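Protein chains in written order, with the working numbering: chain A, 522 to 827; chain B, 18 to 301. Notes follow the structure.
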């Protein structure tokens, strides 16, 4: 929701509206998934982070944080760092153990390890171990317990526990364009640049949501519904927030482990999006919020951008 | 370096044993030297003042305790140690570091029987040889090692790891018969020769043999024939223990940490009791 009557800020000729993104407290964990080679490590990581776009219906939000070299993983194989976000520790543990059981355990050659160490422990392999039907064995190495579960390609190694920490979900910015192609190109550029920012994920498909939502619905069973103020087809029948000439709006959503990382990701993403330039149809960048009443973290575009 | 020093004044008569249970850094910390000298030890079961047998010197400000003299007659050195560092110059008697909780215990000579028995945490470094029942159980009702890490630079005696439940033992030299007898779990790493009479009654746990490749080709009573297997946990274990191994074994494992092996020859036992303990020889 843009705030009105302030001097426009421009990056590469693209207007940055004086708006803020409203984000919420979440809890997050990181796991490290390794495989026989990068292909299989990626398969496990992508599978585990599938159907994890929004806590509204997926239970958690998840994504690949970064690719890890052989020197960065506990077993010296190629791997991926994956971040999972949920609204509370119990739900996070439930989602984590389900996803490890269904997506990582099943993936050939994979292993999974804790990606963060802290006081708040949650189960990682503590439930999955029972798949071993009594043949599972634990091995404590350097104070950390690993489960070895016999599977058809050898053994699945899974660390017993990982940790969780306070995190932030719902950082965002919106790309407003005269054409869908322009909006897609700007978002692609933003995502490519944001991949290098640590401790954040963009959980939606390709990092981008076209179905930005508002709180509530005319239907009682729904907690969220389409953000009609940004729908170009409803421009003349609702209180639109789309500037004149804008025909497509896409939202880049960011979850991060702390405020600074989310702000950094937003900054990097907006600058990269603007770099596609006015000729592609890109008109403006704004951010989504709920009037500041729902989330305690406010990321003002004019403050975080240079 | 500020440390507290206890030096044995004279050798006791042959056969007489000194029980030094409770003489450990945390208990002696911040006490005056005279107070420490008045602490009781047992000599053949009879309470006597520590000062009668040991010269007490240095300072107890830090958690560092240094023991010297012919300590082979002294049992329970570092027993139930809570924290700090205990350095023993020379040999030690039985039950060295038994029931230890945390901290580091180093001995420059040989250790007697039952070293590390029941130790839950911390690290025991034995520069010489370890006697029988290293990390072994002192009775049928109690397990052996329960979580500590023991590194022996010399050889270890019979029944190493007897009824061991958790923890890590690394032996640079040879290991005598009876290794891992009734072992419950944990890891024993042998960098030298290993007597093939091993693993009797072994339930779980790992015996990792690094340099005695002929061992696994022998028929070991109660164990399955060895098979080549990929063990996904092996690189994690090797990466951790590498720093504690002799240079020759380090080189044999891999030239660099990146190339740690996952393939190994493995046999399981003791199948006589449906045990799933494993004898592993990495293929390098």
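A virtual CB, placed ideally from N, CA and C, is assigned to each residue, including glycine. From a predicted model like this one, the values you see are computed outputs, not experimental measurements.
DSSP, reduced to helix, strand and coil, places residue 825(A) within a helical segment of the structure shown.
Of the residues assessed, residue 754(A) falls on the exposed side of the cut-off, its CB having fewer than 16 other CB atoms within 10 angstroms. Per the coordinates, the alpha-carbon of residue 593(A) lies some 17 Å from the alpha-carbon of residue 662(A). Straight across, the Cα-Cα distance linking residue 628(A) with residue 111(B) is about 50 Å.
In the DSSP assignment, the residues bridged to residue 735(A) are 746(A). DSSP, read as helix, strand or coil, puts residue 581(A) in coil.
Shown in chain order are the members of the segment 233-261 of chain B whose Cβ falls below 8 Å from a Cβ of chain A: 246, 247, 248, 249, 250, 252, 253, 254, 256, 257. Distance check between residue 787(A) and each of 644(A), 721(A), 680(A) places 721(A) closest, using alpha-carbon atoms only. With fewer than 16 other CB atoms across the displayed protein chains lying within 10 angstroms of its CB, residue 719(A) is exposed. Interface residue (Cβ-Cβ distance to chain B less than 9 Å): residue 599(A) is not classified as such.
Looking at the DSSP output, residue 71(B) shares a beta bridge with 25(B). Taking 4 residues as the minimum length, the alpha helix (DSSP H) runs contained wholly in the segment 44-122 of chain B are 50-55, 67-70, in order along the chain. In summary, no residue of the segment 569-587 of chain A has a CB separated from any CB of chain B by less than 7 Å. Neighbours of residue 753(A) across chain B, judged by C-beta separation under 8 Å, do not exist; the nearest C-beta is about 52 Å away. Between residue 696(A) and residue 771(A), the gap from beta carbon to beta carbon is short of 9 Å. Taking all protein chains in view, the Cβ of residue 245(B) is surrounded by fewer than 16 other Cβ atoms within 10 Å, so the residue is classified as exposed. For residue 740(A), the nearest beta carbon of chain B is not closer than 9 Å to its own beta carbon.
The C-beta separation of residue 198(B) from residue 220(B) comes to about 11 Å, leaving the pair out of contact by the 8 Å criterion. Within the DSSP bridge table, the entry for residue 567(A) names no partner. The beta-bridge partner set that DSSP reports for residue 682(A) consists of 644(A). About 6 Å separates the beta carbons of residue 133(B) and residue 162(B), which is inside the 8 Å limit, making them a contact pair. Distances from the CA of residue 80(B) to each of 33(B), 22(B), 89(B), 67(B) were compared; the closest alpha carbon is that of 22(B).
Residues of chain B with a Cβ closer than 8 Å to the Cβ of residue 675(A) are, in chain order, 246, 247, 248, 249.
Judged by pairs of C-beta atoms under 8 Å, the segment 800-811 of chain A touches the segment 680-694 of chain A, as three or more such pairs exist.
Residue contact check for residue 678(A) against chain B: a CB pair falls below 9 Å. Not a single CB atom of chain B sits nearer than 9 Å to the CB of residue 629(A). Comparing alpha carbon positions, the residue from 574(A), 640(A), 603(A) closest to residue 585(A) is 603(A). The way I'd put it, the segment 176-186 of chain B doesn't touch the segment 227-237 of chain B; fewer than three beta-carbon pairs between them come closer than 8 Å. Membership of residue 234(B) in any alpha helix (DSSP H) is not indicated, and neither H nor E is assigned to it by DSSP.
In the DSSP assignment, residue 543(A) falls within the beta strand (DSSP E) that extends over 541-555.
Interface annotation, residue 654(A): not in contact with chain B, CB-CB separation never under 9 Å. A straight-line Cα-Cα distance of about 5 Å links residue 55(B) and residue 66(B). In this structure, residue 817(A) lies near residue 546(A), with their beta-carbon atoms less than 9 Å apart.
For residue 207(B), the enclosing beta strand (DSSP E) starts and ends at 204-207.
Counting only the Cα atoms, residue 90(B) lies some 16 Å from residue 72(B).
Those residues of the segment 203-235 of chain B placed with their C-beta closer than 9 Å to a C-beta in chain A are 203, 204, 221, 222, 223, ordered along the chain.
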